[in-house]
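Numbering-wise, numbering that gives the first Met the number 0 puts 110 at position 111 of the sequence shown, and it's gapless, one number per residue. We put the beta carbon where it would ideally sit given N, CA and C, even for glycine. A quick write-up on the structure given underneath.
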Amino acid sequence: MELAVLSLSFLALLLLGVPVAFSIGLSSVATVLYAGVPVAIVVQKMVGGMQVFSFLAIPFFVFAGELMLYGGIADRIVRFANALVGHVRGGLGMSNVVGCTLFGGVAGSALADVSAMGSVMIPLMKKEGYDADYAVNVTTHAALVGVLMPTSHNLIIFTLATTGIASVSVLSLILGAVIPALLLTLCNLGAAYYVAVKRGYPTRGAFPGWAAVLVAFLGALPGLLIVLIILTGILSGIFTATESAATAVLWALLVTAFVYKSLSWHDFLKACAKACKTTGVVLLLIGISSAFGYFMALYEVPQKTGELMQMVSSNPLVIFLLINLLLFILGTFLDMAATILVCTPIFLPIAMQYGMDPVQFGIVMLINCALGLNTPPVGVTQFVGCAIGGISVGQVMKSILPFYSALGMCLMLVTYVPAFSLWLPSMFR
């Protein structure tokens, strides 16, 4: 009965529009009161869940992303992307995909990616004659690659959500996300090009030449180096994942303040404030989810969920498809961090039981969460993109199918072909 109180109160609070963090916390308190155990246990689990040294990587990565956002790096990345692919049919759309991927690599946040690149590219695409729904769909879907990049704090959250279930290193997850991120970019490029050809969008001049591409690349290089610094530093053992996050902040400050000289004192304070707010929200979710996870383990939620899924099928291919469907549906209602923290303890044991590696499951989880970021009713990246493009969500959803199909194909490949996420980690193991 306690399990029914936990799950039904959580769902009821979500449907009433209560914020996710408070829904998780209040449902935990309701379960404690019903079970007759001390309420202090919720507080103990919350505090214990947040007192982890590795969590220091989260505020550092968030702060580095905000500095990149306010420091003018997006403009230089746009110039490089335009020089590289701007001449093909639907060139601005292709440039948008490349630019969002590159900026997502340095910012590590889909929302920051949409805010920065969308503010530049969506108005420019509309001015050049591209439809607003196309401009928004290209931007919001390309920005999702940011959740798989080395600077993404969601990678850290997933590794911590696996504590007590499996041993997943941050390095393995970072390396496992590299090929899926490239695959996701190729799928986005294919979708953008397909729609551009179908709608008859024009080409945008001739190829400017490799010399112009090199000049644009050198202009964007200082900002792009952050990804190389993080990967090289962790792989060589120079610093840990937490130390790499602090290094990312230092590098972002040096590049934006002293190399590009585009970070004003006002923008620096805005970046600090936004990073503090985001970190507070994430840590609150982590603490409350620790208490929620304790009750899920206590009342054997993963085992009961696995038994229900076995009633449908015992075929691993079907089980993985069901996991994807459930993760996608939950991702449309929950914030990304909440989805990772709540769903990992439930579905990771089931996926491992049917032969899926924890690193592969982590990538599958992140892609599903990314799709949820771009799907109503929560869909924060889509809401931001629509606000910038001056178009309603309903209009964007009418032409979203090619982009959804591309991302869905990428998700299926990562789910059913383990090599996409496991080959690179195995090379460095």
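- For Trp209, the closest C-alpha among the options Ser404, Leu68, Ala80, Gly361 is that of Ala80.
- Distance from Val96 to Ala131 at the Cβ level is roughly 17 Å; contact not present, criterion being Cβ atoms closer than 8 Å.
- For Asn314, the three-state secondary structure derived from DSSP is coil.
- Looking at the backbone, the Cα of Met116 and that of Leu91 are separated by about 12 Å.
- One Cα belongs to Ala29, the other to Ser171, and the distance between them is close to 38 Å.
- Taking 8 Å as the cut-off, the Cβ atoms of Ile349 and Ile366 do not count as close.
- DSSP places Ser171 in the helix class (H, G or I) of the three-state scheme.
- Taken in chain order, the whole alpha helix (DSSP H) runs of length 4 or more contained in the region 151-234 are 152-160, 169-198.
- Annotation: Gly24 to Ile287 spans about 6 Å, alpha carbon to alpha carbon.
- In the structure shown, the three-state DSSP call for Ser391 is coil.
- Inclusion of Val113 and Thr139 in the CB contact set at 8 Å is warranted, their separation being smaller than that value.
- Exposure of Phe427 is indicated by the presence of fewer than 16 other C-beta atoms within 10 angstroms of its C-beta.
- In the three-state scheme derived from DSSP, where H, G and I count as helix and E and B as strand, Gly35 is classed as coil.
- Fully enclosed beta strand (DSSP E) runs of no fewer than 3 residues are not present anywhere in the region 234-262.
- Between Val379 and the set Val105, Lys303, Leu110, the nearest pair of CA atoms involves Leu110.
- Closest option to Leu12, judged by alpha-carbon separation, among Asp74, Ala369, Leu333: Leu333.
- Per DSSP, the continuous alpha helix (DSSP H) segment holding His140 begins and ends at 131-142.
- Counting the other Cβ atoms within 10 Å of the Cβ of Phe402 gives 16 or more, which makes it buried.
- Distance between Val254 and Gly222, taken at the CA atoms: about 7 Å.
- Under a 10 Å Cβ-count criterion, Asn314 is classified as exposed, with fewer than 16 other Cβ atoms of the shown protein chains found around its own Cβ.
- Ile339 sits in a helix when the DSSP states are folded into three classes.
- For Pro344, the three-state secondary structure derived from DSSP is helix.
- Under the three-state reduction of DSSP, Ser398 is assigned to coil, being neither helix nor strand.
- Within its own chain, the residues whose Cβ lies closer than 6 Å to the Cβ of Ile76, once the five positions on either side in sequence are excluded, are Gly98, Leu101, Phe102, Ala219, listed in chain order.
- Between Ala56 and Ala244, the beta carbon gap of about 4 Å places them in contact (Cβ cut-off 8 Å).
- By the C-beta density criterion, Phe21 is exposed, having fewer than 16 other C-beta atoms within 10 angstroms.
- Taken through DSSP and simplified to helix, strand or coil, Asn373 comes out as coil.
- Note that the region 143-155 touches the region 55-75; at least 3 beta-carbon pairs, one per stretch, sit closer than 8 Å.
- Between Leu316 and Thr331, the alpha-carbon positions lie close to 23 Å from each other.
- Counting every other CB atom within 10 Å of its CB across the protein chains shown gives Gln359 a total of 16 or more, marking it as buried.
- Rounded to the nearest angstrom, the Cβ distance from Ala336 to Val281 is 5 Å, consistent with a contact under 8 Å.
- Secondary structure note for Arg75: its alpha helix (DSSP H) is the uninterrupted segment 72-84.
- Within the same chain, and ignoring the five residues on either side of Tyr293 in sequence, the residues whose Cβ sits closer than 6 Å to its Cβ are Lys44.
- In the same chain as Ser398, and ignoring 5 residues on each side of it, the C-beta atoms closer than 6 Å to its own belong to Asp132, in chain order.
- Inclusion of Ala134 and Ala405 in the CB contact set at 8 Å is not warranted, their separation being larger than that value.
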